[in-house]
Amino acid sequence: MNNAQIAAKFEILADLLEFQGANSFRVRAYRNAARTIESLSQQISDLLNDSSQKLTDLEGIGKDLADKCKVLVESGKLPQLDELQKKVPPSVLAMLRIPGLGPKKAAVIYKELGISTLEDLKQACQDERVRALKGFGAKTEQTILSGIDLAATADQRVYWAKADKVVQRLRKHLESVEGIEKLTFAGSYRRGKETVGDIDILTVAESSTEAMDRLGEFPEIEEVIARGDTKMSIRLVSNMQVDLRVVPAKSYGAAMQYFTGSKEHNVKVRGIAKQRGLKINEYGVFRVDDDGSESYLAGETEKEVYAALELPWFPPELRENRDEFKLAETGLPELITVDDIVGDMHMHTDATDGLNTLEEMIEASIAKGYQYIAITDHSKRVSMANGLDAERLLDQWKAIDKLRSKYDGKIQILKGLECDILEQGGMDLPDDILGQGDWIIASVHYGQNQSQQQITDRIVGALENPNICIVAHPTGRLINRREPYQVDMEAVFQSAKENNKFVELNANPARLDLNDIYCHAAKEQGIPIGINSDGHKIEGLDVMRYGIMQARRAGLTKADVLNTRSWNDIQKLLGRV
Ligand code: DGT
Ligand code: CA
Ligand code: CA
Ligand code: ZN
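Written as structure tokens, this is what we have:
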């Protein structure tokens, strides 16, 4: 058994233990171990054979876990896990993904109603059988019902960032094959969708057998689902599916176009081909003559494929059949890139729930080449994050004053705050304090179940406050984990526009809030969008690229994005200079 497989076993064990209501400390120990093992550069099996090394030297691996690793490597099995799986069918675990349904309630549903799938649970809710359970009620039933679809999706799709990690490992694994001449990862991954269902690989290879054999040796493989002459599908231990297709060089571009999708984009492309008396498929673009015979026109590169249809090459992020074909008539927009970003205006330090110090975050931002950053820790209402009261905030700003001279000429440090918008409306800290800062962000963290009117009023109220510059993660959604709160984004946009304020695209891959549709709407209304990392540690600053990808999917250009501008220009937009 290899590391990925061992880690996957520990993850399942943690899920099952959690479902059983085991001590949360124990559950976390397995999860931490899984993470450690997954990122090891050496195989556990090699470490076990090396008498000079001990597994217990690894972070988070105690004697018990080391023993379990040994059992797994030697037998491929874990008796404790087998026992648990006998008691609880794995399909039950999908229930744990329903927001608001903890392991305890899920266990009651399983035991009392004998329900082990999301489908059956949906039916039970519709039949009002769930509300009758002890400790449930109509409201809980409603919460469960409205969360089932989210849980079902979460079971099938992973964050783009997570898919990207797998893609990088697959790329490295396959690139070592000499006979592989070309390699692309197509599908929703290439389009940069916020979640990815499965991974689609395209290759041109001397021998398809060799390429497929190599995929079959991928360390994270669980099983081969299907294998033909030029096509192969595998399932990974993480349960993700990977499709491989080996295509001839003269069809590579056509296959890329076809398998990048989206389906909707392709349907439109096929229609356009037809209008021009052409045919397009994964092998190329063909002219169809009156006698029905076909002649190959293009297929080697994507660019040639689109050109044969008198279409421009579409950046993959735009291929969703939204407005890309209309835009193509006058020229596609030049989409924003990471290099256009000159500052990051939302980040935390260890003064609240960040892990790194003020100076460490500043140094890391300098290393990124930013012109300016805003330090935006939480305000006091966010007690879980040790939010700042007025005194601590002013202390931090004083510290920034001192650091400004130290970093003069290297980076501009803005005195910021992520100020909580209180449940009853209004800001968490008084205006005379907020007025002393440079860059105050407003966020909704509490009362997310309020009515649309209440939440909208709170956000609009914040945007009307002259001290507030921007609203962060405006819909509060967490991809795969929490639906957006009820908010009238039209009203929010209108208020942002009237008050010369901005909206954020939070680049955290679990948030990506605003989504692409809303970002596009904000652009249409001329509201600059701030793309920020919301970093809680140095590495957290790296998520910027996910935000950029989302922005590209929305068709945003450099001009549509706030932090491509100098801080002075931003102040002008705010009407402050
Ligand atoms: P996913 O995997 O659910 O995140 O989404 P995709 O877009 O990667 O979808 P997938 O893996 O089923 O197929 C990859 C691409 O192949 C898809 O974007 C377009 C193309 N494709 C697949 N099936 C069809 C089809 O029936 N018709 C057309 N026109 N294209 C298809
Ligand atoms: Ca796919
Ligand atoms: Ca696929
Ligand atoms: Zn934040």
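Every letter in the sequence shown is one number past the one before it in numbering that gives the first Met the number 0, and letter 411, counting from 1, is 410.
Cβ coordinates follow ideal geometry from the N, Cα and C atoms, glycine included.
When Cβ pairs closer than 8 angstroms are counted between the two stretches, the segment 210–223 is seen not to touch the segment 267–277, the count staying below three. For secondary structure counted as the beta strand (DSSP E) over 3 or more consecutive residues, the segment 426–486 holds these complete runs in sequence order: 438–442, 467–470. In this structure, DSSP gives Met543 a helical state, which the three-state scheme calls helix.
The set of residues with any CB-heavy atom separation to ligand 4 below 5 angstroms comprises, in chain order, Glu417, Asp533.
Its Cα nearest to that of Asp394, the residue Ile432 stands out among Ile432, Glu127, Tyr158. Counting only runs of 4 or more residues that sit fully inside the segment 101–138, the alpha helix (DSSP H) segments are 102–112, 117–125, in chain order.
It is roughly 10 angstroms from the alpha-carbon of Lys8 to the alpha-carbon of Met0.
Taken through DSSP and simplified to helix, strand or coil, Ala373 comes out as strand. Here Asn499 carries a coil assignment [DSSP, helix/strand/coil]. Beta-bridge partners of Ala366 (DSSP): none assigned.
Remark: the C-beta of Gln549 is outside contact range of ligand 3, defined as less than 8 angstroms to any heavy atom. According to the DSSP assignment, Met231 belongs to the beta strand (DSSP E) that extends over 230–235.
Judged by DSSP secondary structure, Phe9 falls within the alpha helix (DSSP H) whose first and last residues are 2–18. Inclusion of Gln240 in the 8 angstroms shell around ligand 3 follows from its C-beta lying nearer than that to a non-hydrogen atom of the ligand.
Excluding its 5 nearest sequence neighbours in each direction, Ile569 has C-beta neighbours in its own chain below 7 angstroms: Leu561, listed in chain order. It is roughly 22 angstroms from the alpha-carbon of Thr455 to the alpha-carbon of Ile530. The beta carbon of Leu83 sits closer than 6 angstroms to those of Leu15, all from its chain and outside the five residues before and after it, given in chain order. For Ser74, the shortest C-beta to heavy atom distance toward ligand 2 is 8 angstroms or greater. Beta-bridge pairing by DSSP links Ile220 to Leu235. Between Gly298 and Gly283 a beta carbon distance of about 3 angstroms is seen, short of the 8 angstroms cut, so the two are scored as contacting. Take the alpha-carbon of Ser442 and the one of Tyr484: they are about 12 angstroms apart. Within the DSSP bridge table, the entry for Cys418 names Ala441 as partners. Judged by DSSP secondary structure, Arg286 falls within the beta strand (DSSP E) whose first and last residues are 283–287. Any heavy atom of ligand 2 within less than 6 angstroms of a residue's beta carbon puts that residue on the list, which reads Gly186, Ser187, Gly196, Asp197, Asp199. Between Ala204 and Val245, the beta carbon gap of about 5 angstroms places them in contact (Cβ cut-off 8 angstroms).
In this structure, the beta-carbon distance from Asp427 to His472 does not fall below 9 angstroms. Contact between Ile374 and Gly415 holds: CB atoms are separated by about 5 angstroms, below the 8 angstroms threshold.
Here DSSP, grouped into helix, strand and coil, assigns Gly215 to helix. At the C-beta level, Pro78 and Val70 come within 9 angstroms of one another. In the structure shown, Lys278 falls within a strand segment according to DSSP collapsed to helix, strand and coil. Sequence-distant partners of Pro311 (beyond 5 residues in either direction) whose C-beta falls short of 8 angstroms from its own C-beta, in its chain, are Tyr305, Ala327, Gly330, Leu331.
Below 8 angstroms, too few C-beta pairs join the segment 164–184 and the segment 142–151 to call them touching: fewer than three. In this structure, the alpha-carbon of Glu303 lies about 47 angstroms from that of Thr116.
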